[in-house]
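Report on the following structure.
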Amino acid sequence: KNQVEQSPQSLIILEGKNCTLQCNYTVSPFSNLRWYKQDTGRGPVSLTIMTFSENTKSNGRYTATLDADTKQSSLHITASQLSDSASYICVVNDYKLSFGAGTTVTVRA
Amino acid sequence: GAVVSQHPSWVICKSGTSVKIECRSLDFQATTMFWYRQFPKQSLMLMATSNEGSKATYEQGVEKDKFLINHASLTLSTLTVTSAHPEDSSFYICSARPRGRSYEQYFGPGTRLTVT
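Protein sequence lines, in the order shown, are assigned to chains A and B. With the numbering used here as the guide, the letters of the first sequence map in order to residues 713 to 821. With the numbering used here as the guide, the letters of the second sequence map in order to residues 22 to 137.
Set out below in structure tokens:
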């Protein structure tokens, strides 16, 4: 069983709308939890990084939250843009990276 | 800073030939480099971990004689897919861990390999 589970698998939203992606993990303890954005045919690019003691971290229109008690994290995208269409990957870092399968976000005009 | 490059970005080769992919850390020294494979609509799967100057450690199920990894310097690692077959067609991504920052990894842009 994967130690990092993401939901939904994919979603479609209209430009300008908000959305929230979920990540549940069982890796414990860990050094940090990261959200990556991966455009099709490109390598992952880091959006946010949180240590286990942090609850929230923002990067522009991206806001990540972390609840270490329930082992859940979320990534909120505000006022989505067409360029937000990508796969978003939750990664838990305990020296070795544990990857979620990703959520594919499609933003439509 | 912390830029990782890969070359080539895409390659097409015939079945039975070998292909070499380079991964370079451009502005930092990488004591450890990682090689991942990603199939369509799936997440990254770690293939092997290489430390500069030593043999790579391969994940279970990855053939070390087929996927040759060389980490000859602190800024360069290479992955050679030997006797490639169509099932080796995939997206190969490397990442690099900077010296002295054991919990960091920076990813390259990936290399698309198509074996015909």
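Cβ coordinates follow ideal geometry from the N, Cα and C atoms, glycine included. Just so it is clear, the structure is predicted and the values come from calculations on it, not from any experiment.
Looking only at its own chain, which residues have a Cβ that is under 7 Å from the Cβ of residue i, when we skip the five neighbours before and after it?
i      : result
M762/A : N744, L745, K769, A776, L778
N72/B  : T52, T53, H92
T38/B  : A105
I724/A : T818, R820
L726/A : R820
P60/B  : The sequence as given places Phe at residue 60/B; Pro does not occur at that position. Excluding positions up to five away in sequence, the list reads S111.
On a Cα-Cα basis, can you pick out the residue from the options that is closest to residue i?
i      : options                        : result
N767/A : G753/A, T782/A, G755/A         : T782/A
L100/B : V32/B, I42/B, S26/B, W31/B     : I42/B
C735/A : R820/A, W747/A, F742/A         : W747/A
S110/B : S123/B, R58/B, P29/B           : R58/B
F811/A : T70/B, L65/B, E125/B           : L65/B
A780/A : A821/A, I724/A, S740/A, R754/A : S740/A
Q126/B : V804/A, L794/A, T815/A         : V804/A
S123/B : Q50/B, T137/B, N91/B           : Q50/B
A821/A : A813/A, K808/A, T815/A, D796/A : D796/A
F112/B : L134/B, H28/B, K76/B           : L134/B
P119/B : Q63/B, K35/B, C34/B, S94/B     : S94/B
Q793/A : T760/A, L759/A, V817/A, S758/A : V817/A
K76/B  : G82/B, I90/B, Q63/B            : I90/B
Counting only beta-carbon atoms, is residue i nearer than 7 Å to chain B?
i      : result
P720/A : no
F811/A : yes
N771/A : no
N736/A : no
R746/A : no
P756/A : yes
S743/A : yes
G728/A : no
Go through its chain and collect everything with a Cβ distance to residue i's Cβ below 8 Å, but skip five positions before and after it.
i      : result
L47/B  : V24, V25, S26, T96
F88/B  : W56, M68, A69, Y79, L100, T101, V102, T103
V83/B  : M68, A69
C115/B : V25, Q27, I42, C44, M54, F55, W56, Y57, S98, L100, F128, G129
Quick one: is residue i near chain A, going by C-beta distance under 7 Å?
i      : result
Y79/B  : no
L134/B : no
P29/B  : no
F88/B  : no
Y124/B : yes
P61/B  : no
R128/B : The amino acid at residue 128/B is misidentified as Arg; the sequence shows Phe. Answer yes: the Cβ-Cβ gap between F128/B and chain A drops below 7 Å somewhere.
G131/B : yes
I42/B  : no
I33/B  : no
With C-beta atoms as the reference, is residue i less than 7 Å away from residue j?
i      : j      : result
S806/A : F742/A : It is worth fixing the name first, because residue 806/A is Asp in this sequence and not Ser. Contact: yes.
Q721/A : I801/A : no
G129/B : C44/B  : yes
Q715/A : T738/A : yes
H106/B : S30/B  : no
Leaving out five residues on either side along the sequence, give the residues of the same chain with a beta carbon under 6 Å from the beta carbon of residue i.
i      : result
L733/A : L787, Y800, T815
K85/B  : Y79
T790/A : N730, R773
A117/B : V25, S46, A51, M54, Y127
S98/B  : C44, M54, S71, H92
Q784/A : N736
N771/A : L759, T760
CB of residue i to nearest heavy atom of the ligand FMN: below 6 Å?
i      : result
S785/A : The ligand FMN is not among the ligands present in this structure, which contains no ligands whatsoever.
Run down chain C in chain order and give the residues with a C-beta less than 7 Å from the C-beta of residue i.
i      : result
I801/A : Among the chains of the structure shown, chain C does not appear; the protein chains present are A and B.
Completely contained beta strand (DSSP E) runs for the segment 37–98 of chain B, where each covers 3 or more residues: The beta strand (DSSP E) runs of length 3 or more contained entirely in the segment 37–98 of chain B are, from start to end of the chain, 40–46, 51–59, 66–72, 88–94.
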